[in-house]
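As structure tokens, the structure follows; a few thoughts come after it.
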Amino acid sequence: MANPNVETVNASSGKWLLGVAVLLVIAGVVGFYALAQQPSYVRGAALLGGIVLGVIVALVSAPGREFVGFSKESYREVRKVVWPTRKEAGQMTGLVFVFVVVMALFLWSADKLIEWVIFSLVLGWK
153 MANPNVETVN
163 ASSGKWLLGV
173 AVLLVIAGVV
183 GFYALAQQPS
193 YVRGAALLGG
203 IVLGVIVALV
213 SAPGREFVGF
223 SKESYREVRK
233 VVWPTRKEAG
243 QMTGLVFVFV
253 VVMALFLWSA
263 DKLIEWVIFS
273 LVLGWK
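The opening residue of the sequence shown carries number 153 in the working numbering; numbering runs sequentially from there.
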């Protein structure tokens with residue numbers, strides 16, 4: 153008896169469909185430039201048609217469906233994020249600025265101390 157939870161994967165058809173999608177987009181771009189003597193709306197329609205058909209074929213493929221599922225899950229997760237209020241964001245930005253200034257002063261003073269020790273005490277330069 154077959155296990156109903158086992159999912160068979162046919163990777164070659166998905167890759168083949170993605171290849172066709174890429175070729176359709178390339179055909180749209182080539183058509184855009186090949187129709188240089190035509191009005192711009194004809195050239196734009198060729199480009200747009202190639203891109204739209206390529207996207208449709210890509211979304212029909214197994215990797216395309218997985219991408220759509222991943223995108224939906226990502227959107228759901230982003231909606232769960234608790235974003236800070238404007239006040240909280242301002243406070244955190246101010247805290248970061250204060251920390252940067254304190255670290256800059258510390259590093260400057262450590263640099264000057266090391267410079268004084270090396271040049272004045274060790275080497276005897278003035």
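Heads up, the beta-carbon is just placed ideally off N, CA and C, and yes, glycines get one too.
- Under the 10 Å beta carbon count, residue 259 is surrounded by fewer than 16 other beta carbons and is classified as exposed.
- When DSSP states are grouped into helix, strand and coil, residue 213 belongs to the coil group.
- Of the candidates 210, 272, 189, 252, the residue whose Cα lies closest to the Cα of residue 177 is 210.
- Between residue 213 and residue 165, the alpha-carbon positions lie close to 8 angstroms from each other.
- Residues 166, 170 of the same chain have their beta carbon placed closer than 7 angstroms to that of residue 215, with the five preceding and five following residues left out of the count.
- Collapsing the DSSP output to three states places residue 199 in a helix.
- Residues of the same chain with a CB within less than 7 angstroms of the CB of residue 268, apart from the 5 flanking positions on each side, do not exist.
- In the DSSP assignment, residue 261 falls within the alpha helix (DSSP H) that extends over 238-268.
- With a cutoff of 9 angstroms on beta-carbon distance, residue 175 and residue 196 are scored as not near each other.
- CA-CA distance, residue 235 to residue 218, rounds to 28 angstroms.
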